[in-house]
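Take a look at the structure set out below.
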Amino acid sequence: MTGSLEEARRLLGHARRVVFLTGAGISAESGVPTFRGPGGLWNSRRAEELATPDAFRRDPRLVWEWYAWRRGVVASCAPNAGHLSLARFLHARRGEAILVTQNVDGLHRVAAIQEAGEGDPAPALPLELHGSLFRDRCSECGVVHEPAGPVDTRAEATLPRCGVCGSLLRPDVVWFGEPLDPGVFGAAHRAASGADVCVVVGTSGLVHPAASLPMATRAARGSVIEINPEETPLTRRVAHALRGPAAELLPRLLEPDRTA
Ligand code: OAD
Ligand code: ZN
Numbered sequence: 071m072t073g074s075l076e077e078a079r080r081l082l083g084h085a086r087r088v089v090f091l092t093g094a095g096i097s098a099e100s101g102v103p104t105f106r107g108p109g110g111l112w113n114s115r116r117a118e119e120l121a122t123p124d125a126f127r128r129d130p131r132l133v134w135e136w137y138a139w140r141r142g143v144v145a146s147c148a149p150n151a152g153h154l155s156l157a158r159f160l161h162a163r164r165g166e167a168i169l170v171t172q173n174v175d176g177l178h179r180v181a182a183i184q185e186a187g188e189g190d191p192a193p194a195l196p197l198e199l200h201g202s203l204f205r206d207r208c209s210e211c212g213v214v215h216e217p218a219g220p221v222d223t224r225a226e227a228t229l230p231r232c233g234v235c236g237s238l239l240r241p242d243v244v245w246f247g248e249p250l251d252p253g254v255f256g257a258a259h260r261a262a263s264g265a266d267v268c269v270v271v272g273t274s275g276l277v278h279p280a281a282s283l284p285m286a287t288r289a290a291r292g293s294v295i296e297i298n299p300e301e302t303p304l305t306r307r308v309a310h311a312l313r314g315p316a317a318e319l320l321p322r323l324l325e326p327d328r329t330a
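First residue of the sequence shown? That's 71 in the working numbering, and the numbers climb one at a time after it.
Listed below in structure tokens is the structure:
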């Protein structure tokens, strides 16, 4: 740990508004593969080439096969201590703290609903910059659908189709070369620019525009805290770099009384 947990806690304690930005690293301890680094999804060229609009036009069955596999992997994973302590913090500081995630695995959402308790009408849900693995979207008219069930990837004819226009559905995620939803990114940017503290967890900080959000906090004279076992391009620009896994450090940062 190169920064002090104590000082980071103090910063958070004084902050009126806090924004969190998370990446694949927060889900690593839940068993979800990250994109880069050892065991990363993008280490296989083939996977990277499947996450594009061109690949879907060329061979939608193959792209769906890969996403059906990822849905299966993530469906067997559960939120870890990092997701859960973050969800409790967001719930306790509703209106003051916002979570922006690059993850499509839905684990923050599961944690939010779990920690808000049964029947809470408004769990503190994340802004999902890159979409969700567990939603379908029409590749033509853009309508978003709840998946009807497991995708049958045996042939193009068995792939799911839009109930409105009949075109092929695709996973509701952002692919290489596609823009982010301007409404979602706009809300994330406003949250980052208005925050006194931005906590960046488990992201390599290489993919823009998500990686620019901590800089928006800094530009508005806020502080940035990073949680990551490795150095990233962001490290030298942050106030506190806490080195270690998110599932261990987030509870210690956000809930010192529970973890003392
Ligand atoms: P990456 O796979 O690029 O980076 C994962 C980061 O998590 C690295 O910096 C690791 O050091 C860190 N890490 C690993 N284990 C950790 C742990 N236990 N606790 C905390 N951190 C840990 O993932 P992202 O930065 O999320 O975009 O990738 C950004 C975007 O690139 C993804 O959303 C995806 C990808 O292309 C799209 O698909 C649009
Ligand atoms: Zn449609």
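Heads up, the beta-carbon is just placed ideally off N, CA and C, and yes, glycines get one too.
Smallest Cα separation from residue i: which of the options?
i, options, result
"G110", "G314, S274, N150, H310", "S274"
"A167", "V214, W112, S263, N150", "S263"
"G201", "G107, Q172, P303", "Q172"
"G142", "P130, D222, L250, L239", "D222"
"V254", "V170, S155, E318, V144", "V170"
"V144", "N113, L203, P123", "L203"
"C235", "D124, R116, V213, R307", "V213"
"W245", "P123, P230, G219", "P123"
"R207", "A138, E198, P241", "P241"
"N298", "G272, M285, P279", "G272"
"P279", "L154, P252, E301, R288", "P252"
"G247", "G256, Y137, A289, V277", "V277"
"P303", "M285, A289, G314, A290", "M285"
"D175", "V133, T92, R288", "T92"
Name, in chain order, the residues that DSSP records as bridge partners for residue i.
i, result
"H310", "I295"
"H215", "D206"
"T92", "T171, V271"
"L13", "Since the displayed the chain opens at 71 and closes at 330, residue 13 lies outside it and no answer follows."
"R231", "L238"
"G201", "V243"
So, for residue i: in the same chain, excluding its five sequence neighbours on each side, which residues have a beta-carbon less than 6 Å away from its beta-carbon?
i, result
"P149", "L177, V180, A181"
"A281", "G275"
"V269", "F90, I295"
"I96", "G152, V271, G272, A316"
"A121", "W245, F246"
"V308", "V294, E296"
Since residue i contacts residue j with CB under 8 Å, what's their CB separation in whole angstroms?
i, j, result
"V267", "L81", "5 Å"
"G187", "L320", "So it is not a contact: roughly 20 Å between Cβ atoms."
"R131", "A258", "Not really, about 33 Å apart at Cβ, beyond 8 Å."
"S237", "E216", "Between E216 and S237 the Cβ distance is about 17 Å, and since that is not below 8 Å, they are no contact."
"L156", "F90", "6 Å"
"R158", "P326", "Not a contact, Cβ separation roughly 13 Å."
"T104", "A117", "Incorrect: roughly 12 Å between the Cβ atoms, too far for contact."
"G292", "A261", "Contact doesn't hold; Cβ gap of about 11 Å is too wide."
"L324", "L75", "Actually they do not touch by this definition, with Cβ atoms about 11 Å apart."
"L199", "L250", "6 Å"
"P161", "E185", "The sequence shown places His at residue 161, rather than the Pro named in the question. That belief holds up - the Cβ atoms of H161 and E185 are roughly 6 Å apart, short of 8 Å."
Give me, in chain order, the residues of the same chain whose beta-carbon lies closer than 7 Å to that of residue i; leave out the 5 immediate sequence neighbours on both sides.
i, result
"A317", "E99, N150, A151, G152"
"I183", "P193"
"E119", "A125"
"G101", "C147"
"E77", "H310"
Grab me the residues of residue i's own chain with a C-beta within less than 8 Å of its C-beta, minus the 5 sequence neighbours each way, in chain order.
i, result
"T228", "D222"
"L239", "D206, R207, C208, S209, H215, L229, P230, R231, C232"
"R115", "none"
"R28", "As shown, the chain starts at 71 and ends at 330. That puts residue 28 outside it, with no answer to give."
"A138", "P220, V221, T223"
"R86", "E166, D266"
"W112", "F105, R106, E118"
* Just the residues with CB closer than 6 Å to a heavy atom of the ligand ZN, in chain order, which are they? -> Each of C208, E210, C211, V213, C232, V234, C235, S237 has a C-beta closer than 6 Å to some heavy atom of the ligand ZN; these make up the full list, in chain order.
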